[in-house]
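Enquirer: Submitted below is the structure of interest, expressed as structure tokens.
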Amino acid sequence: MTTRRRMPKRTWLTDSPVAAVVLPIIGLAAAIGLWWGATVAFSIQPYLLPSPWDVVVKFFEQPGYLLQETGTSLLETIEGFLLAIVIGVPIALVIVRSVILERLAYPLLLMVNSIPKVAIAPLLVIWMGFGQWPKVVMVLLMCFFPIVISTAQGMKSTPTELVELMRSLNASRAQEFFKLRLRYAMPQIFTGFKVAISLAVIGSVISEFVGATKGLGYVIQQSGASADTTLAFAAITLLSVMSIVLFYALVLLEHWLLPWAQEKR
Amino acid sequence: MTTRRRMPKRTWLTDSPVAAVVLPIIGLAAAIGLWWGATVAFSIQPYLLPSPWDVVVKFFEQPGYLLQETGTSLLETIEGFLLAIVIGVPIALVIVRSVILERLAYPLLLMVNSIPKVAIAPLLVIWMGFGQWPKVVMVLLMCFFPIVISTAQGMKSTPTELVELMRSLNASRAQEFFKLRLRYAMPQIFTGFKVAISLAVIGSVISEFVGATKGLGYVIQQSGASADTTLAFAAITLLSVMSIVLFYALVLLEHWLLPWAQEKR
Amino acid sequence: MIRLDGVGQVFDGREGQVTALEKIDLHVRGGEFVTLIGRSGCGKSTLLRLIAGLLPPTSGAVQVAGQPVTGPRRDVSFMFQRPALLPWRSVLSNVMLPVEIDKGQGDRGKAAYRDRARQLLELVGLQGFERRLPHELSGGMQQRVSLCRSLIRDPQVMLMDEPFSALDALTRTELSEELQRIKMELSTTIVFVTHSIEEAVLLADRVVVLTPRPGRMREVVDIDIPRPRSLGQNAHLTEVAAISGRLHALLAEKESGEPGVPGEVRPVDEVRP
Amino acid sequence: MIRLDGVGQVFDGREGQVTALEKIDLHVRGGEFVTLIGRSGCGKSTLLRLIAGLLPPTSGAVQVAGQPVTGPRRDVSFMFQRPALLPWRSVLSNVMLPVEIDKGQGDRGKAAYRDRARQLLELVGLQGFERRLPHELSGGMQQRVSLCRSLIRDPQVMLMDEPFSALDALTRTELSEELQRIKMELSTTIVFVTHSIEEAVLLADRVVVLTPRPGRMREVVDIDIPRPRSLGQNAHLTEVAAISGRLHALLAEKESGEPGVPGEVRPVDEVRP
Amino acid sequence: NDDDSGKQAGGDGLQKVNYLTSFNTFGREAYAYVALEKGYFKDAGFDVKITPGSGTVDVMKLVAGGQADYGIGDFTAIAITLAKQKLPVTTAGMIHQRSMAAIMSLEGLGINSPKDLPGKTIGDQPGSTNTVMFPVYAKAVGIDPASVTFLPSPPPGLPALLASGKVQGIGQFVVGQPLIEKADKDKHRKAVVLPYGKALPELYGNAIITRTDMAKDHPDQVKKFTNALLKGLQDTYDDPDGAAEILKKYVPNTDVDVAKAELKIMKDYIKPTGFEGPLGDVTQERVQKVISLLEESNAIGKGAVKPEDLVTMSLAPKS
Ligand SMILES: Nc1ncnc2c1ncn2[C@@H]1O[C@H](COP(=O)(O)OP(=O)(O)OP(=O)(O)O)[C@@H](O)[C@H]1O
Ligand SMILES: Nc1ncnc2c1ncn2[C@@H]1O[C@H](COP(=O)(O)OP(=O)(O)OP(=O)(O)O)[C@@H](O)[C@H]1O
Ligand SMILES: [Mg+2]
Ligand SMILES: [Mg+2]
């Protein structure tokens, strides 16, 4: 007769809000340690992979400059991401509403999504000039697809019994979507957002490779040309930090907006 | 007193399997029409955006060659994608299993995911040579994150009542995962796959920008050498087609594997 | 008020077709209380869904208030067999859902409805639970919330699928009395599915007995006991007993019509002591 | 077999704490059939989950077979209040789930279990539905599948949460007879939640009455009627009526302890022909 | 694997060697394919695999990292990179005796001579030779470097940017002229080329890169390889059309006409008029001159590199 301990184990590590902040930081520290260890153990040369320490030193050589570039990229990322939500969610609504439209629209969405963005970055600049627009559009193109597809999938998986409830209440299509399906899909939509936000950051970088004079993408591009690998990694590190911060901002937002959807393990 | 027609409308367009193939093709044709229309209406010059017709002509100049390069990219894409599944799903299992590990691991995953892949393509070549490996690894890096995150999210959203059922049957953790959570998460996992497959294709292209002598990415890169925008677009079109085909292959697979999860609208 | 003519329903399952209902002819008058009884799986829920306009019948025609049913109507409320609560809404706002959806068309203000909702929740014994989320409630409590939701708009027609199945005897009694009161005050037309023959007799003007596979109407029994009825302490104990006995027999009967022979080897499904 | 000492359960809800159970002391002997009754929301399901090891009590201790409960045990089966069927599995493979999970530890071969599953499905009237998916079944049919699943492994201890609530009177009677047979043949220990006082009396060796908010044990009533019992046609009609009356009174009692006045409003459910 | 890639022997006794072009497979890279096609590599005992490079710095890293044994890169870029990072690479010879760096424009965009540059926008890859050397060039032609705006863009997008008029000029190698003209195939404008080499004749163009340890431990091999490659270069010089055809054979997408035109333009940079030395020649004095120019333009710090950090003189081809 087997009896296994299987009741939910609750410890300080799982429950405390302090642990919820401390553990990811430990994880990050471990990751950085790994990176450092690798540079030391395999004596990787700094032109291939600089050590975290080099990167930190590089950052403090010109913190103001790098932070300003980060700000530029961040702004583009957030604008493009919000635009992707504004455009992506309605597209998902349409797709869920009509099988016919879904079938017509998917190939188009897929086509747009599957184009390698690096290849069309110059095109965007030519069409839209050197301002903010081609950057925002690039971010949008990069990240709208996960938003569309997870919103659509989430709304489609609403349980029949709840859909029937709304119909029995004679709810309009709009009400069915906004009061039920969209709410029900929220956890999955947030999954989409979490995937999209990293892509948005990458989109801003790629867009800054072409025709930009600021932003972290520009810094990387520039440092690549002058073989300043450490500067490139400083920029990449800032990008990672930006991604991580934006991701956890989404996690917090989800926690706050969707208390009913807390995870069950 | 309002009475709206709201019973599920079923017509040839929604039900026939022929329509399920024909409609996407119409959608695609419309998209191509739009593209053509744009090149004509705005008299866009071919070095910016060639017309679909130019692209088709270009393709038939050397169909064998282009198809062969497509095959190369396709192979890399599929290998990397499968590797991403093989690596991503177990990571998701671990994440769902333990809050502590989740909190430790997420920042690392995010860090890896948020690095702009274009920037590290040369690094991969330096580490892994000119063979298949850096390409496969690039595809992997590009697409593992959506797989991890949607698998984890899907498994976390398994209804408490079903989890309690498994526990009451004294199921082991492994059984809980394989017989319940993984199955339950399948629709969401497929959402992740669908997002990931497009990224995988893009990953293969990016990887072929550096140190490759074949593949569609190489063709795009090369077309730059001869200012052959049309060739670049022929390659991009083939990439799109590849993406679309792989996407629909996933849709078919889902349909076949998960008959119980058919969509409700 | 409700009229079904030759209604049939066939489902396409993975394993072939299931005829859930066949040749249902039923006319429910305005203000009438009809209970539906029948073995599990005989098509009761399906019948309600047809009337509610949630499912188009594969044959025959359904009318409500003289109009053919093409979809759900705002004057018909449906209480489902499962509670179907929105998990992100508190108890109170789950009850208020129909009002929100019908905004602008309601005859009272939202505040009035909110008072009504609180009143209903108190009636079913859920005072103090207004702000809880569904997963914090027991099964019976969820069912009661669902009941309140179906009552909030004082609908013309109420379709109720086993509304009291998860409730204890006392709550059940209280709520069936409340339901009778509502019916008499507002002359609501009610179609009510139950597995309790007592409940069927206590509440109904007419009891419809369905036979299983395919679901056909076995018989319609009129109940002429004067209202308000309260079982166990009215003067009609023997009448109730007689009708209940008859309904039991009807349920136990084979589809062919002959009464079940006791002692014979019969499908489990059919035998009754 | 089952022993609860001073068990209490407090939930942390969004809106503050709920004391679901308080000071529960209960000893269930091996082979005993105990039914739990109480108003909706009084903590019956919670009590079963504590015994099943699905929830650690916030106070007190739970023992099964002499061992403290730290998690689910393979010799205890739990039938939930909701059917909880895996939507991607056919009826038959839902029933086979416990066997699959317990593979290697079963005393019979898989084929033997499969036969047993078919036999159980036939017993509950689901022959021919083996290969259907749960969403193609009616509510009562789903509940019967869940019942079969909880019976498949002939467990030592069965915890059943309103197993017959969605079933019609006939099926209910048949299945309660089957349950008594199982209990007597295999001397299974059963804890059974129901809202039907008849069912409680018909099945139980002892009936435990819980009072609501917080759930406390009001009284434990021994039922000494010899088995097999079959309501409505055995020699102990008066005894049954007396006990039922007493249970009613207990349920209706205010928590303070004064008895409800008999002859007062009584549950519908309780008068049977 | 540190240094033995040069010693790896194939089944036929040939040493496997990885060679990287400087950027892509433009016509200007044809000489390697010529050497391959004509068997010069094989005769020297090498089994060469040619892979398109992705810019000087990438090529340097790949060579330094051991993935490639030889590569081609712009000498100025090499000097700047080595001044910043001590990569274990060195130069074994020159392909071009004069820098091919230039500002390129199209007629009608308002640039006809260096004097027109002030106030214009130039698209270029950040950190490219063209951008970095611009201040030196500006000084040489007598304009204010600050009066010209540089707009970053990766090389593949440059021709389209110029053709669309978003920028008035782009940084480009002189051999890019046919390509730029081809990209503008609708308007058929002529390219305007402002080569740096005219004002700054000291600057070298592309150079042959190899690893330092290889140069130290196996100088004979390096010499053999360089000579084989330079033989291909000589043939290309003698017969640009034939070289373009050979390139087309290995890289089917080559636009032969563009490649031929490129190679013809390139002749003047392989052997400028007045150049007397052997093919691939490199001299200490000129290298020193390049370094001073770079120091002058602040592209590198004073004393950051010495000629011997950049070039292994002993490997330089002798006539
Ligand atoms: N979506 C469906 N697909 C296939 N068959 C279905 C579907 N819905 C219902 N059925 C079948 O129709 C029949 C009637 O189902 P229904 O839910 O109406 O029964 P019911 O009388 O409400 O039973 P219960 O008392 O158990 O709730 C059943 O045999 C069921 O298997
Ligand atoms: N997860 C939870 N969070 C907060 N409160 C809970 C939770 N689960 C149950 N409760 C509360 O505990 C009490 C007892 O619930 P339980 O489900 O045990 O009742 P029950 O006796 O089974 O009722 P029913 O007959 O309606 O099924 C209820 O008041 C309920 O609101
Ligand atoms: Mg039903
Ligand atoms: Mg309960």
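Residue numbers (our numbering), protein chains in the order written: chain A, 3 to 267; chain B, 3 to 267; chain C, 131 to 403; chain D, 131 to 403; chain E, 321 to 639. The C-beta atom is built at its ideal place from N, Cα and C for all residues, glycine as well.
Return yes when the Cβ of leucine 233 of chain B is within less than 7 Å of the Cβ of serine 225 of chain B, no when it is not.
Expert: yes
Enquirer: Could you give the residue range of the beta strand (DSSP E) that holds arginine 418 of chain E?
Expert: According to the DSSP assignment, arginine 418 of chain E belongs to no beta strand (DSSP E), since it is labelled neither H nor E.
Enquirer: Between glutamine 177 of chain A and chain C, is the shortest Cβ-Cβ distance under 7 Å, so that the two count as touching?
Expert: yes
Enquirer: Find the nearest neighbour of glutamate 71 of chain A within the set A:Trp55, A:Leu254, A:Tyr220, judged by alpha-carbon distance.
Expert: Comparing Cα-Cα distances from glutamate 71 of chain A to each of A:Trp55, A:Leu254, A:Tyr220, the minimum goes to A:Tyr220.
Enquirer: Can you pull every residue whose C-beta falls closer than 7 Å to some heavy atom of ligand 3, listed in chain order?
Expert: In chain order, the qualifying residues are C:Lys174, C:Ser175, C:Gln211, C:Asp291, C:Glu292, C:Val323, D:Ser268, D:Gly269, D:Gly270.
Enquirer: With glycine 29 of chain A and tyrosine 108 of chain B assumed to form a contact (beta carbons below 8 Å), what rounded beta-carbon distance in angstroms separates them?
Expert: Rounded to whole angstroms, the Cβ separation of glycine 29 of chain A and tyrosine 108 of chain B is 7 Å, and the two are in contact under 8 Å.
Enquirer: Could you list the residues in the stretch 41-72 of chain A with a C-beta less than 8 Å from some C-beta on chain B, going in chain order?
Expert: Leu50, Leu51
Enquirer: Three Cβ pairs or more, each shorter than 8 Å: is that satisfied between the stretch 216-233 of chain C and the stretch 265-283 of chain C?
Expert: yes
Enquirer: Looking at leucine 164 of chain B and leucine 182 of chain B, is the spacing between their C-beta atoms short of 7 Å?
Expert: yes
Enquirer: Would you say methionine 290 of chain C reaches chain D, if we count a Cβ-Cβ gap shorter than 7 Å as a contact?
Expert: no
Enquirer: Taking just the CA atoms, how far does valine 199 of chain C sit from leucine 143 of chain B?
Expert: 55 Å
Enquirer: What residue does the beta strand (DSSP E) around phenylalanine 470 of chain E start on, and which one ends it?
Expert: That run of the beta strand (DSSP E) goes 469-472.
Enquirer: Would you check if the distance between the CB atom of threonine 231 of chain A and the CB atom of proline 52 of chain A is smaller than 7 Å?
Expert: yes
Enquirer: In chain C, which residues lie less than 8 Å from aspartate 298 of chain D when you measure between Cβ atoms?
Expert: Within 8 Å of the CB of aspartate 298 of chain D, the CB atoms of chain C belong to Ile167, Gly168, Arg169, Ser170, His325, Leu381, in sequence order along the chain.
Enquirer: Starting from the Cα of aspartate 155 of chain C, find the closest Cα among C:Ala372, C:Arg346, C:Glu383 and give me that residue.
Expert: C:Arg346
Enquirer: Please state if the CB of proline 189 of chain B and the CB of serine 242 of chain A are separated by a distance shorter than 7 Å.
Expert: 7 Å or more divides the Cβ of serine 242 of chain A from the Cβ of proline 189 of chain B.
Enquirer: Looking at the C-beta of glutamine 405 of chain E, does it have a partner C-beta in chain A at a distance below 7 Å?
Expert: Using a Cβ-Cβ cut-off of 7 Å, glutamine 405 of chain E counts as an interface residue toward chain A, since at least one Cβ of chain A sits closer than that to its own.
Enquirer: Measuring from the CB of valine 150 of chain C, is there a heavy atom of ligand 1 at a distance below 6 Å?
Expert: Per the sequence shown, the amino acid found at residue 150 of chain C is alanine instead of valine. Checking the 6 Å criterion, the Cβ of alanine 150 of chain C is within range of a heavy atom belonging to ligand 1.
Enquirer: If you count every other CB in all the chains shown that lies within 10 Å of the CB of proline 342 of chain C, and 16 or more means buried, which is it?
Expert: buried
Enquirer: Which of the residues in the stretch 196-214 of chain C, read from start to end, lie with their CB under 7 Å from any CB of chain A?
Expert: Pro202, Arg203, Arg204, Phe208, Phe210, Arg212, Ala214
Enquirer: With C-beta atoms as the reference, is valine 350 of chain D less than 7 Å away from valine 338 of chain D?
Expert: yes
Enquirer: Touching or not, the stretch 191-209 of chain D and the stretch 171-180 of chain B, by the rule of three or more beta carbon pairs under 8 Å?
Expert: yes
Enquirer: Compute the minimum distance between the beta carbon of cysteine 278 of chain D and the heavy atoms of ligand 1, and state whether it is under 6 Å.
Expert: For ligand 1, not one heavy atom lies less than 6 Å from the Cβ of cysteine 278 of chain D.
Enquirer: When the distance is taken between beta carbons, is isoleucine 208 of chain B closer than 7 Å to valine 139 of chain B?
Expert: no
Enquirer: Measuring straight from C-alpha to C-alpha, what distance separates tryptophan 55 of chain A and serine 116 of chain B?
Expert: 20 Å
Enquirer: Return yes when at least one heavy atom of ligand 1 lies under 6 Å from the C-beta of serine 170 of chain C, else no.
Expert: yes
Enquirer: Out of A:Val91, A:Leu50, A:Thr74, point me to the one whose CA is closest to alanine 198 of chain A's CA.
Expert: Checked all of A:Val91, A:Leu50, A:Thr74; the closest Cα to alanine 198 of chain A is A:Val91.
Enquirer: Find the nearest neighbour of glutamine 211 of chain D within the set D:Val275, D:Leu134, D:Val370, judged by alpha-carbon distance.
Expert: Among D:Val275, D:Leu134, D:Val370, the Cα nearest to that of glutamine 211 of chain D is on D:Val275.
Enquirer: Taking 6 Å as the cut-off, does the CB of glycine 375 of chain C come closer than this to any heavy atom belonging to ligand 2?
Expert: no
Enquirer: For isoleucine 93 of chain B, which residues in chain A fall below 9 Å Cβ to Cβ?
Expert: Chain A residues near isoleucine 93 of chain B: none, gap ~13 Å exceeds 9 Å.
Enquirer: Whole angstroms are fine: how far does the CA of proline 187 of chain C sit from the CA of valine 140 of chain C?
Expert: Roughly 8 Å between the two C-alpha positions.
Enquirer: Looking at the structure shown, is histidine 265 of chain D part of a helix, part of a strand, or coil, going by DSSP?
Expert: Histidine 265 of chain D falls in the helix class under three-state DSSP.
Enquirer: So which residues of chain D does glycine 270 of chain C contact, with C-beta pairs closer than 7 Å?
Expert: Ser170, Gly171
Enquirer: Between which two residues does the beta strand (DSSP E) holding threonine 341 of chain D run?
Expert: 336-341
Enquirer: Would aspartate 354 of chain C be called buried (16 or more neighbouring beta carbons within 10 Å of its own) or exposed?
Expert: By the 10 Å Cβ count, aspartate 354 of chain C comes out exposed.
Enquirer: Closer than 8 Å, Cβ to Cβ, to anything on chain D: give me those residues from the stretch 301-333 of chain C, in chain order.
Expert: Across the stretch 301-333 of chain C, CB contacts with chain D closer than 8 Å involve Thr301, Arg302, Thr303, Glu304, Ser306, Glu307, His325, Ser326, Ile327, Glu328, Glu329, Leu332, in sequence order along the chain.
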